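Going by the numbering used here, the letters in the sequence shown line up with residues -19 to 42, in that order.
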Amino acid sequence: MKPEPKKPTEDKTAVGVAIGIALGVALGSGLGVALGNLAIGIGAGIAIGAALGLAFTSQPKT
-19 MKPEPKKPTE
-9 DKTAVGVAIG
1 IALGVALGSG
11 LGVALGNLAI
21 GIGAGIAIGA
31 ALGLAFTSQP
41 KT
């Protein structure tokens, strides 16, 4: 039984961005409903989520 090979960093970053976008869409859609414009809320959520996901996964572990 060989141990699993380590996945490249790109995979982890992509997963982090995907999770960030999913959370951003959820939060953004709530914000959009509150503001009365769902499209703007979702768009902002995707942008914020992608940025947060990238930031969290690209930071080196201390």
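Idealized CB from N, CA, C, for every residue including glycine. Every value quoted in this text rests on a predicted model; they were computed, and no experiment measured them.
CB of residue i within 8 Å of CB of residue j, strictly
| i | j | result |
| --- | --- | --- |
| Gly21 | Ser9 | yes |
| Val13 | Gly29 | no |
| Thr(-7) | Leu32 | no |
Residues of its chain near residue i, where Cβ-Cβ distance is below 6 Å and the 5 sequence neighbours each way are ignored
| i | result |
| --- | --- |
| Leu7 | Gly25 |
| Thr37 | Lys(-8), Thr(-7) and Gly(-4) |
Own chain, CB closer than 8 Å to residue i, minus 5 neighbours either side, in chain order
| i | result |
| --- | --- |
| Ala27 | Gly4 |
Alpha carbon of residue i to alpha carbon of residue j, nearest angstrom
| i | j | result |
| --- | --- | --- |
| Ala2 | Gly23 | 12 Å |
Exposed unless 16 or more other CB atoms sit within 10 angstroms - verdict on residue i
| i | result |
| --- | --- |
| Gly0 | buried |
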